[in-house]
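Taking it in order: structure first as structure tokens, then the write-up.
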Amino acid sequence: MRRFTKKHTEGPLLIGSGPFRLCNIDSFLGGNLETFKYIFQRVFIALIVVSGATFLLSLLIQLLPGDPAVMAVPNAMPDRVALMRKDMGLDRGTLGFFWKWYTDMWHGNFGNQYSNNDTISVTVLLKRALPTTLLIILYVQIVALVVSIPLGLISAYREGSRFDRYLQTTLFALSSIPSFALALILVLICAVRFDWFPVLGYVSPTENFGEHLKGMVLPVLSLAVGITASYTRLLRTDVIATLKDDYIMMANSKGISKSRVLWRHVLRASSTTLLTSAALNMGGLVGGTIITEILFNLPGLGYQIAFAIASRQVISLMSFIAVTAAFYVFFNTMVDVIANIVDPRTRERRV
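If you read the sequence shown in the UniProt record's numbering, its first letter stands for residue 1, the second for the next number, and so on.
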């Protein structure tokens, strides 16, 4: 057998051999360790942010005048009030109240919502509300991307034309309208004046998909218009820069069709900023749907937050806001992690 001598063992250890030799194992492990370290840091920061936000909320709740247990069910008997206080953790002091809710949350128990005749698990309410909110976000992103991509490409390709100027003016005007104001305008025109779409009520996609989509048109449009304007402007800026690159000019000089150059080469090279913005908006939309869900009476997270505030359900409010904050931080963290994996230079920027 061939013996390993100093000559064979010196130097960096490689993965594989011959044509299957992949890379230096030291650099491979080192690079991945840096990535894992960065991911761990981002996840740790995300946990600190969510925990800190909920802790501050618990402090604010306890600074409000009145007993949260009494405010939740004003007509409750003293015995039930005492049980609710114990269930909430109000009998444990300021830190004990937060710590009980916080530890229960990590065990999947988000507390209870109280009424005169019943007690409902907040976990059950979350399971009902989350799908609605996530569906709204999904529809908004689909509409915004489907509309903004062709508009951004055409506007950039026809930079300075009358179409481009009119489009930029229109997009600026639309992006200046708040989503709740646009929702009211759409309701007055499309529902009250012409009766094209329903205003209130929610139909599950499993019950009647057609009616479900019909009921989603107005809330989705009210959120998607401003985002579409933002996406279009972002893509237009990147496409204008990409069109001036040498390889694009060479493709045009070789006689490749304009549509193929735009859709196959320019769009691919210009979509990074758009996709990053779309991913970041996923988190923002979780909070952005609150007013829309209230206006259109959609049983999502926003509707549940409004109900918890109106009925003084402090445990429900903390749980719903914690989930909303967690989704927002999660999507932002995912963008950072993916950007770090694709481009390790982002570690130095700490975006």
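For every residue, glycine included, the Cβ atom is placed at its ideal position computed from N, Cα and C.
Here DSSP, grouped into helix, strand and coil, assigns Q313 to coil. Per the C-alpha coordinates, the member of V337, V335, I315 positioned closest to L57 is I315. The C-alpha of A325 is placed about 13 Å away from the C-alpha of L280. Q113 has I120 as its beta-bridge partners, per DSSP.
In summary, F209 is exposed, with fewer than 16 beta-carbon neighbours lying within 10 Å of its beta-carbon over all protein chains present. Per the Cβ contact rule, the segment 305 to 323 is in contact with the segment 106 to 115 (3 or more Cβ pairs under 8 Å).
Note that the C-beta distance between V81 and A69 is below 7 Å. Membership of T94 in the alpha helix (DSSP H) is indicated by the continuous run 93 to 106. In this structure, V261 is the residue among G66, R268, V261 with its C-alpha nearest to the C-alpha of Y157.
Listed in chain order, the alpha helix (DSSP H) runs fully inside the segment 65 to 96 are 68 to 72, 78 to 88, counting runs of at least 4 residues.
Cβ-Cβ distances below 7 Å link D79 to nothing in the same chain once the five nearest sequence neighbours on each side are left out.
Note on the segment 183 to 248: whole alpha helix (DSSP H) runs with a minimum of 4 residues are 209 to 243, in chain order. Proximity to A269 across G287, D246, E159, K254 peaks at D246, based on C-alpha coordinates.
E34 sits exposed, since fewer than 16 C-beta atoms from the chains shown fall within 10 Å of its C-beta. The beta carbons of A308 and T228 sit no closer together than 7 Å. N297 sits in coil when the DSSP states are folded into three classes, being neither helix nor strand. Sequence-distant partners of N297 (beyond 5 residues in either direction) whose C-beta falls short of 6 Å from its own C-beta, in its chain, are L200.
Judged by DSSP in its simplified three-state form, R264 adopts helix.
DSSP places G160 in the coil class of the three-state scheme, outside both helix and strand.
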